[in-house]
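Protein chains in written order, with the numbering used here: chain V, 157 to 310; chain P, 4 to 435.
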Amino acid sequence: MLTEENLKKVETLKGRYPNTKSLTLPALWMAQEQFGWVSEAFMKYISVLLNIPYNHVYGVASFYTMYNKKPVGKFHIQVCTNISCQLLGSEKLVAHLCKKLDVSKGEISKDGNFTISEVECLGSCGTAPAMQINNDYFENLTLEKIDDIISKLK
Amino acid sequence: MSESTIKILLPEILNLHRLEIYQQHNGYAALRKIFEMKPDEVIDEVKKSGLRGRGGAAFPTGLKWSFMPKSNEKPKYLCANGDEGEPGTFKDRQIFEFNPHLFIEGCLIASYAMGINATYVYIRGEYKKWIDILQQAIDEAYDKNYIGKNILGKNYSTDIYIHRGAGAYICGEESSLMNSIEGERGYPRVKPPFPAQSGLWGNPTNVNNIETLSCIPSIILNGGEWFSKIGDSRHPGTILFGISGHVNKPGVYELPTSVLLTDLIYKFSGGIKDGKKLKAVIPGGSSVPWLLSDELDGVRMDLESLKAAGSAIGTGGVIVLDEDTDVLKVLKRLVHFYHHESCGQCTPCREGCGWMEKILERFLNGNGTMSDVDLLLDVANNIEGNTVCALGDAAAWPVQSVIKKFRNEFEKRARKEPIQRQPVKAPHVVEV
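And the structure:
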């Protein structure tokens, strides 16, 4: 199920760690980057690929919040609502996004494009409020800036 | 040169992240220098510098390095901690972005001093952009043989690998971080044994913060004594102070330790937003006790001064709250964070953080009672010191300090009285 390129990466990574269990997090990342989320079928595939128990892979995937255990929209919008962002109005931003994109927190919009999540500190406190869309950070947000960013997403 | 213009970690040099620019500014000169020194001499220089860890605990770095066994029977590892999940903290990403080779050079010097076989740089998963920047710098350094086999023709080899986290705050704790590298859930381990005895895969391991390791090249080039004279002698050097919240110019400021907290807020960060007054400051990342605006006189940003003021330096992440801030709302958000991030291993933390969040929710919904204030304090007191790692303490300390300093706001809510946030003069005070 992993692409040829990712399988090659797995082989390279095997040389960096003394056992294959240590590849659990990197392999789960590969799955998420390839499919957008980590399915149970994929966890079973990883357990065979790395020769580790399936329940271990499941336990690890469920522990870490960044692994999506269900599908997300094409654009996963993660808004930080932790203290520094909260002080500068992040709650309003979440409400604005949900209304604008007609989607509830944690759900996928009807067109399949957007998922909005509230997340813990993004490490952007000096440029708060902040959000992450897929791998990109957007900072010093205002309602107008959000509208502009959303209009440019394709 | 005035002390506040000394920039060790983030000098104002354009494109310093590129290897050729870094080399033009003495880059990798410290690495060349250590090959003329014995590993113990390198450790002695770091001890002489007085450098303390920048991750929160402020443990003396040279001493920590000296705990590593000298024998090479087992492989030895260095973990560079770039998990950076503490709310209010956003300094390591500046190093990855603007000066990654400085950090790499620091890792290489630490590796030489302790006989490290491989460094694992643990970076929080959200920092994909910064992971890519660092990886590019690592690749450049491999190409130039600064990393790899027989570095610069010497009989010394070591590797540096990046390991990407996946959104667990607890992985900033050193033993959880090691579990995460081993492919496990990020559960903290019981100590002892300490990492220097039994760390990654049971082998001797040293865990250092990204900023700590980035201080090393300047210590080697200029000498430990030079470094020890910057800032406070008991906690020397410059620190990347991150300032956020209600200030006009939030951001990262590299300043010597012992800078006045009020200077940090009013001189460097431009004072409080919208001309408001200051209500409270969280001086070292979200887990440290809060300070009131009238407790800041003479408080300096170093280990001893903040300890004397009843708080801690932590990660140097200063969060500023203005006079209109609803402290209960902020505290509830913080407690929610610790509840969400508790790994669940220890009952006091797992259950207690959730309990504290529920009590605070009652207050915010207007259903809190007078006895709830003491209950909240009781729960916090029973979490503190009763868990494997410091996450429980980190959740308890803000609760304890906010109750101590803002008890009246809890009680007013319990009595359903409106909270007067604008400071007003008491009517019976007669001005003379």
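Where is the CB? At the ideal position from N, CA and C, for every residue including glycine.
What Ser289(P) touches in chain V, judged by beta-carbon distance under 7 angstroms, is Ile239, going in chain order. Secondary structure at His238(P): strand, using DSSP grouped into helix, strand and coil. The DSSP-derived three-state label of Arg353(P) is helix. Secondary structure note for Gly30(P): it is in no alpha helix (DSSP H), with a DSSP letter that is neither H nor E. One alpha carbon belongs to Met186(V), the other to Leu158(V), and they sit about 8 angstroms apart.
With a cutoff of 8 angstroms on beta-carbon distance, Leu306(P) and Ala61(P) are scored as near each other. Along the segment 250 to 298 of chain V, the alpha helix (DSSP H) does not occur as any fully enclosed run of 4 or more residues. A Cβ-Cβ distance of about 6 angstroms is found for the pair Phe230(P) and Pro239(P), placing them in contact under the 8 angstroms criterion.
The DSSP-derived three-state label of Leu158(V) is coil.
With a threshold of 16 other beta carbon atoms within 10 Å, Pro285(V) meets it and is buried.
Close CB contacts of Val228(V) within its chain, under the 7 angstroms cut and outside five residues either way in sequence, are with Gly192, Trp193, Ile264 and Thr271 (chain order).
Out of Arg35(P), Asn120(P) and Leu258(P), the CA that lies nearest to the CA of Ser74(P) is found in Asn120(P). Note: Glu257(P) is bridge-paired with Leu243(P) in the DSSP secondary-structure output. Our two residues, Thr180(V) and His232(V), have alpha carbons roughly 23 angstroms apart in a direct line.
Taken through DSSP and simplified to helix, strand or coil, Arg192(P) comes out as coil. Under a criterion of Cβ atoms nearer than 8 angstroms, the residues of chain V adjacent to Thr328(P) are, in order, Leu243. Sixteen is the threshold: when 16 or more other Cβ atoms of the shown chains lie within 10 Å of the Cβ of Gly282(V), as they do, the residue is buried. According to DSSP, Asp146(P) shares a beta bridge with no other residue.
Contact residues of the segment 180 to 194 of chain V toward chain P are Thr180, Leu181, Pro182, Leu184 and Trp185 (C-beta to C-beta distance below 8 angstroms). Per DSSP, reduced to three states, the secondary structure at Lys282(P) is strand. Look at the segment 282 to 296 of chain V: the residues with a C-beta under 8 angstroms from a C-beta of chain P are Gly282, Thr283, Ala284, Gln288, Asn291, Asp292 and Tyr293. Not flagged as an interface residue toward chain V: Tyr125(P), since no C-beta distance is shorter than 8 angstroms.
Sequence-distant Cβ neighbours of Met373(P) in its own chain, meaning closer than 6 angstroms and more than five residues away, are Ala417. Closer than 8 angstroms to the CB of Ser247(P) there is at least one CB belonging to chain V. Residue state for Pro63(P) is assigned as strand, using DSSP reduced to three classes. Taking a contact to require three or more Cβ pairs closer than 8 angstroms, the segment 199 to 216 of chain P and the segment 50 to 67 of chain P qualify as touching. In this structure, the alpha-carbon of Tyr190(P) lies about 8 angstroms from that of Ile173(P). Three or more Cβ pairs drawn from the segment 246 to 256 of chain P and the segment 316 to 334 of chain P lie within less than 8 angstroms of each other, which places the two stretches in contact. Check the Cα spacing between Asp329(P) and each of Gln242(V), Glu276(V) and Ile302(V): the tightest is with Gln242(V).
Exclusion of the five residues before and after Leu257(V) leaves Ser265 and Phe270 as the residues of its chain whose Cβ lies within less than 6 angstroms of its Cβ. Taking C-alpha positions only, Leu34(P) is separated from Asn148(P) by approximately 12 angstroms. Flagged as an interface residue toward chain P: Leu278(V), by a C-beta distance shorter than 8 angstroms. When CB distances to chain V are screened at a threshold of 7 angstroms, the residues of the segment 190 to 211 of chain P falling below it are Trp204, in chain order. About 4 angstroms separates the beta carbon of Gly85(P) from that of Ile126(P), a gap short enough to meet the 8 angstroms contact definition.
Ile222(P) and Pro42(P) have their alpha carbons spaced roughly 14 angstroms apart. Within the model, the alpha-carbon separation for Ala116(P) versus Ile46(P) is close to 6 angstroms.
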